[in-house]
Structure formats: structure tokens, C-alpha cells
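Number of protein chains: 2
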Amino acid sequence: MLPFSVTILGSSSALPTSTRFPTSQVVSLNERLYLIDCGEGTQIQLRKFRIKTSKINHIFISHLHGDHIFGLPGLISTMALGGKKGELHIYSHSELKMMMDNLMKFMNEFDDFKVVYHPLNFRSRAVIYEDSKIVIDSFPLKHRIPCCGFIFKEKLHELHLRGDRIDYLNIPIRDRVAIKGGADYQTPEGAIIPNHELTFPADPVRSYAFCTDTVCRKQIIPIIENVDLLYHEATFSDELSDLALKTYHTTARQAARLAGEAAVKKLIIGHFSSRYKSVKPLVDEARVVFPNTFPANDGDRFDL
Amino acid sequence: MLPFSVTILGSSSALPTSTRFPTSQVVSLNERLYLIDCGEGTQIQLRKFRIKTSKINHIFISHLHGDHIFGLPGLISTMALGGKKGELHIYSHSELKMMMDNLMKFMNEFDDFKVVYHPLNFRSRAVIYEDSKIVIDSFPLKHRIPCCGFIFKEKLHELHLRGDRIDYLNIPIRDRVAIKGGADYQTPEGAIIPNHELTFPADPVRSYAFCTDTVCRKQIIPIIENVDLLYHEATFSDELSDLALKTYHTTARQAARLAGEAAVKKLIIGHFSSRYKSVKPLVDEARVVFPNTFPANDGDRFDL
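In order, the protein sequence lines correspond to chains H and L.
Here the first sequence stands for residues 1 to 304, where the numbers follow the numbering used here.
Here the second sequence stands for residues 305 to 608, where the numbers follow the numbering used here.
Given below as C-alpha cells:
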């Protein structure tokens with residue numbers, strides 16, 4: 001299977017702490033890097049965790065609160081000054097372009113490097129990016145300002161050829177691509193060999209869902225159902241559920257309950273309020289409901 | 305003498321490195337903190353070096369390149385969320401307000417905390433701030449975009465009373481304030497005692513000049529002459545003097561020569577290009593011309 005992982009660059013909420021930067025993550029699939037959110041200091045974390053800034057070509061921004069975007073201008077400058085070529089694609093609320101253009105108006109022009117902004121749809125689920133290996137959808141969350149979650153899904157893998165059968169039937173190389181795609185095989189004599197006799201099942205398709213900042217929303221269950229890994233914010237413990245509701249955030253217990261109802265395989269909680277010196281109580285609270293819960297810590301890598 | 309110091313928060317130029325953040329410094333005089341420039345991660349450095357963000361009420365921004373301002377939105381947010389009250393004064397090019405307002409339009413409103421922007425004058429020297437202890441002037445530098453240097457000067461100190469003479473003449477407390485300010489004393493019998501018989505000289509008045517980003521400018525010598533401490537950028541070594549000129553920066557040798565001609569007491573060089581893994585060659589180059597040169601390193605504190 002191709003390496004597929006999520007690295008936490010920042011796990012704090014609005015106020016960074018001495019050990020937690022504001023929100024940012026890198027999703028890596030087969031050496032392609034996708035950045036989600038970009039709080040202040042994201043470029044510092046990328047350097048610290050030895051992730052190549054130059055390999056990031058796509059950035060997904062959940063919403064326009066400062067702790068999710070204030071690292072963008074510095075990261076973009078560093079990419080440009082570092083000689084990055086081509087296009088950097090940013091998927092966000094349409095206002096971001098104007099905010100960044102204004103802030104960077106005194107930056108030098110770079111002929112070979114360009115930032116391309118793609119406006120997100122905050123009303124319904126939508127495919128926002130696709131390449132040969134992955135499909136990325138956005139879907140609406142519910143926060144004080146428009147906010148999206150993202151789901152990263154591998155594309156269907158090819159079936160594995162059964163070497164013994166392929167050899168025995170002496171199937172030409174040109175026909176094997178179609179068989180890996182699910183086709184039956186017709187011998188020169190006209191006999192049909194069904195696909196399942198020629199192949200082993202494909203590797204399972206893996207998926208990762210990212211949900212912050214939001215109230216706990218049951219409406220997203222059909223979207224995140226059965227994902228291998230769910231990152232969900234848990235800004236507060238359940239004692240502060242009133243505050244969570246008021247500020248449009250989620251408690252650790254609520255996140256765990258959602259993970260259970262959506263039958264996800266593993267839950268990461270993060271976006272912790274800076275009031276928690278230790279996040280163990282939040283993890284404990286979540287594990288009562290959903291045992292396979294882990295806290296996001298800056299630098300942690302989760303392999304799918 | 306009141307404690308007067310400069311703490312380096314960032315000493316890199318546009319590209320931060322693993323040990324150097326972009327430009328920012330804190331000047332501290334008698335527990336009052338003045339921030340100069342605010343590159344990305346300034347709030348992180350303030351926390352790391354245990355400097356109280358809440359005590360900063362005045363920020364001076366030399367120019368609007370990203371490596372001098374990208375830490376501002378995060379710092380302002382953190383101040384607001386941390387419950388800072390009153391006014392934060394920012395002295396900068398007039399465009400900064402619009403840039404920040406745009407970027408922070410989705411931030412919550414805070415009733416008791418307000419940012420007040422003061423436009424700088426980029427044509428001539430001007431007093432921009434004054435309180436009971438200090439006067440701060442801006443003066444024009446020469447960079448690719450409008451840029452100012454800053455000079456922090458203590459106000460004249462009071463003269464020290466000569467306890468022996470004061471006691472002998474039995475001078476009432478109410479007259480001593482005027483004597484500390486330089487007045488002579490008239491005895492009840494009408495005799496005039498000249499001030500110099502009643503006082504020792506005041507503590508010397510200390511001063512700090514901050515100059516980045518700029519070509520080396522002899523025109524500023526009358527302004528920075530005799531300062532106790534000069535911070536001057538030295539982005540490049542003298543081998544790259546052509547590049548320095550082209551990008552409107554200064555070499556280490558040029559900064560040292562300027563320090564010598566201005567007869568400053570001590571020189572700090574900084575704003576180092578990220579190409580220098582060690583800045584020792586730049587310090588050595590400067591010391592040939594001006595021996596009392598020191599490199600700026602993140603976390604260094606220089607006492608005046």
C-alpha cells in the first residue's frame with residue numbers, strides 16, 4: 001500500500017501555548033503533500049519536522065479565523081523566496097484572496113510562482129480536488145463564520161493479478177491492465193475467464209476526515225461514516241458544553257460519540273483550549289465513549 | 305540607573321532559519337516594553353523568552369515587508385483573547401491599518417481593547433512617542449519601499465543631591481525637587497548657593513538606535529552619533545556588496561564603518577541572510593573595522 005499519513009503541525013485553538021501551535025496538518029499520500037489550515041508558525045513547524053515546504057502545492061483552509069490562516073503569508077513568502085516554481089493552489093472562502101493580496105502588496109513579484117485561489121462551497125458537499133490517487137471533498141460544518149470540513153479518499157485501487165493464472169493462461173501484457181481494472185478475459189479460443197478467477201481483491205481504500213471548528217453535527221455522519229481516521233476538534237471538556245455550544249465548538253465527549261455513531265476506525269481529538277495544561281482529561285473523557293481515541297500533539301504522525 | 309535593555313526576538317532576514325526568526329526586538333526601559341518590528345512567530349518568541357505580551361502597549365514597525373509584520377495579526381489576536389485592555393499603539397506606514405483590518409475582519413470584536421495606528425513620516429526625522437522617561441524618534445532609511453529607523457533616548461535625568469550639603473544647609477524637602485532639576489538655592493538669609501555645590505552630575509542619558517532594512521546611509525550619522533548601542537542590519541558580507549546595493553541592504557563591513565564614523569559605543573549586527581549557516585565571518589569582518597561589534601542572536605539581551 002502507498003504510504004498515507006497525517007502529521008499534526010499545530011493542535012492548539014486560538015491561543016498557542018508553549019507546546020502547541022495553532023491548527024495546521026500535512027496529509028501525505030505517496031509523497032504528495034496536502035496542507036490543511038495554516039496557523040501562525042506553520043512554516044516553522046514544517047522545518048522542525050523536516051517536511052519539505054517546496055513539495056506542498058495544495059492548501060485547504062477550513063475557515064478564515066486567524067488561528068487557521070495567519071501562517072499563510074509567511075509560508076507563501078518563504079516558498080517564493082525559496083525559488084518555488086509553478087502554481088500553489090489554495091482552497092478557501094473567497095475572501096481569502098483579497099486578504100492575502102492586501103497583506104502581500106509590498107512583496108516582490110515572482111514570475112515563475114503563482115498563487116491560485118479556489119473558492120469553497122459552504123452550502124453542500126463538493127469535490128474540490130482530484131488526482132490519480134485521491135479525491136478530496138469539502139462539506140459544511142457549523143461555526144461562527146462559514147467553515148468546511150475535508151475528506152481525503154483514496155481512489156479505488158487496481159485488483160491484484162493472480163500470477164499463477166496469468167502465467168498458465170499466458171495472458172498478454174496488453175490485456176492485463178483491463179483485468180486489473182475488473183474486466184474478464186477472453187482467450188484466443190473465445191472462452192470467457194471471469195475476473196475473479198484472475199485476480200485477488202484490491203487493497204482497501206483508505207480515508208481521512210478533518211473537522212474543525214464546529215459544533216458537534218450529526219448531519220455529517222453520512223459523510224464521515226467508516227473513515228479510517230477522523231480528526232475532530234474537542235476544544236473543551238464536557239463540563240464546558242455550554243461554552244462549547246455558545247462558541248460553536250465541540251467537547252471531547254461529543255466528538256467521541258460522533259466517532260462512535262459514524263463507526264470510524266480511529267479518532268484524533270485536537271484544537272484544545274489553552275486552558276488545559278494537560279489534555280489527558282479530555283482524552284480520558286473521549287475514551288469512555290470511543291476507546292480508540294488519541295490526542296493530537298504537534299509533531300505526531302498518524303499512519304493510515 | 306533604571307534598567308534599559310534590548311532583547312532580540314528575531315535576527316534573520318526574509319527567510320527564517322532553524323535558529324533565527326524574522327526581525328523583532330523588545331526595548332525595555334524601567335519595565336516598560338516597546339516592541340520593534342513583528343515578524344512571524346514574534347508571540348512565540350515572547351513566550352519562549354518569558355516577556356509579558358500584555359505589557360506591550362507600543363509597537364514600532366520599520367516598513368511593510370512581510371518579515372517585519374507577519375507576526376502582528378497573531379500577536380494582536382493573542383493580546384485580545386488574553387484579555388488585554390485599553391489601547392495598543394502601532395507606529396507604521398499608514399497602509400498597515402488597512403492591511404490588518406482586512407486580515408482580521410473575521411475576528412471577534414473586543415469592547416475594551418483597541419488598536420490605534422499612528423502613521424510614520426518617511427521624509428524627515430520626527431518625534432513619534434514621548435513619556436516621562438523616554439523620547440522615540442523615527443528617521444528615514446533607504447530601502448525598496450518606505451522604511452524608518454528608530455532612536456530611543458532617555459530623557460535628561462535629575463541631578464543627584466549631595467546629602468552632606470543638603471543636610472548642612474538644612475534645605476527643606478520642598479526645595480530639593482528644583483535643585484535636582486538644576487536650580488540654585490536661596491537660603492532664608494538671602495544667600496545664593498549655586499547648584500553645582502549642591503549636586504553631583506546626573507546619570508548619563510542612554511540611547512539606542514535601530515536601523516533595518518536599508519542601504520548604508522551616511523546621512524544618518526548626525527542622528528545616531530554617539531549612541532550607546534546601534535543595531536544595524538548586515539544582511540550580507542562585503543563580498544556581496546553588489547547584491548547588497550541592488551537589494552537595498554548593507555554589508556557587515558559597511559555597518560561597522562558607519563558605527564565607527566558615528567562614534568557609537570557598541571554595534572549589534574543582524575538581519576542575516578539565511579545563506580550564512582554561521583555568522584562568525586560577518587562578525588569578524590565587522591570587527592576588523594569596529595571591534596566592539598556583536599551578532600544579534602534570538603534571545604540575546606543587551607543592557608545599556
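Note that beta-carbon positions come from the ideal geometry of N, C-alpha and C, so glycine has one too.
CB contact below 8 Å: residue i versus chain H
i, result
"T554(L)", "no"
"D327(L)", "The displayed chain sequence assigns Thr, not Asp, to residue 327(L). So no, T327(L) is outside the interface."
"M403(L)", "yes"
"L306(L)", "no"
"T597(L)", "no"
"T382(L)", "yes"
"L319(L)", "yes"
"F514(L)", "no"
"I394(L)", "no"
"I355(L)", "no"
"I363(L)", "no"
"I348(L)", "yes"
"G386(L)", "yes"
"I449(L)", "yes"
Supposed close pair residue i, residue j - CB separation, criterion 8 Å
i, j, result
"T42(H)", "G82(H)", "Not quite, the Cβ-Cβ distance comes to about 15 Å (not below 8 Å), so this is no contact."
"I224(H)", "I151(H)", "7 Å"
"F364(L)", "Q349(L)", "Going by Cβ atoms, the distance from F364(L) to Q349(L) rounds to 17 Å, so no, they are not a contact pair."
"R217(H)", "K142(H)", "6 Å"
"Y208(H)", "V27(H)", "6 Å"
"H157(H)", "A202(H)", "4 Å"
"D372(L)", "H393(L)", "It should be pointed out that residue 372(L) corresponds to His in this sequence rather than to Asp. The pair is not a contact, with the Cβ atoms about 17 Å apart (cut-off 8 Å)."
Spatial distance of residue i from residue j (CA atoms)
i, j, result
"I269(H)", "S578(L)", "36 Å"
"L465(L)", "F106(H)", "54 Å"
"K437(L)", "D298(H)", "43 Å"
"A563(L)", "G10(H)", "42 Å"
"M98(H)", "F417(L)", "26 Å"
"L282(H)", "S582(L)", "44 Å"
"R510(L)", "L29(H)", "58 Å"
"S428(L)", "C451(L)", "11 Å"
"T250(H)", "F414(L)", "23 Å"
"I525(L)", "M408(L)", "39 Å"
"L319(L)", "I477(L)", "58 Å"
"F594(L)", "S317(L)", "22 Å"
"G163(H)", "G370(L)", "58 Å"
"Y276(H)", "N121(H)", "34 Å"
"T53(H)", "R47(H)", "8 Å"
"P377(L)", "V420(L)", "14 Å"
"A548(L)", "S94(H)", "39 Å"
"C38(H)", "P508(L)", "48 Å"
"V442(L)", "D479(L)", "What sits at residue 442(L) in the sequence shown is Ser, not Val. Roughly 37 Å separates the two Cα atoms."
"M383(L)", "I340(L)", "16 Å"
Minimum Cβ-Cβ distance from residue i to chain L less than 8 Å
i, result
"E233(H)", "no"
"I268(H)", "no"
"T214(H)", "no"
"R47(H)", "yes"
"H65(H)", "yes"
"G74(H)", "yes"
"E40(H)", "yes"
"S18(H)", "yes"
"F106(H)", "yes"
"T7(H)", "no"
"N102(H)", "yes"
"G10(H)", "no"
"F113(H)", "no"
"F308(H)", "No answer is possible for residue 308(H): it lies beyond the span of chain H, which begins at 1 and ends at 304."
Beta-carbon spacing of residue i, residue j below 8 Å
i, j, result
"Y311(H)", "H63(H)", "Here chain H covers residues 1 to 304 and nothing more, so residue 311(H) does not appear."
"T597(L)", "A567(L)", "no"
"I432(L)", "Y489(L)", "no"
"Q329(L)", "I355(L)", "no"
"V310(L)", "L534(L)", "no"
"V135(H)", "K153(H)", "yes"
"T212(H)", "T23(H)", "yes"
"T235(H)", "H271(H)", "yes"
"L159(H)", "G182(H)", "yes"
"F49(H)", "L304(H)", "no"
"R253(H)", "D242(H)", "no"
"N499(L)", "N102(H)", "no"
Any non-hydrogen atom of the ligand ADP closer than 7 Å to residue i Cβ
i, result
"L549(L)", "As presented, the structure is devoid of all ligands, the ligand ADP included, so that no description of it is given."
Notebook entry, point to check: What are the start and end residues of each continuous alpha helix (DSSP H) run of 4 or more residues lying completely inside the segment 15-71 of chain H, in chain order?
Noted result: 42-48
Next item on the list: Starting from the N-terminal side, write out each stretch of the beta strand (DSSP E) that is 3 residues or longer and does not extend beyond the segment 480-545 of chain L.
Entry: Qualifying beta strand (DSSP E) stretches, in chain order: 511-515, 533-537.
Next item on the list: Within the segment 83-134 of chain H, note down every full alpha helix (DSSP H) run reaching 4 residues or more, in order along the chain.
Entry: As far as the segment 83-134 of chain H is concerned, its whole alpha helix (DSSP H) runs of at least 4 residues are 95-103.
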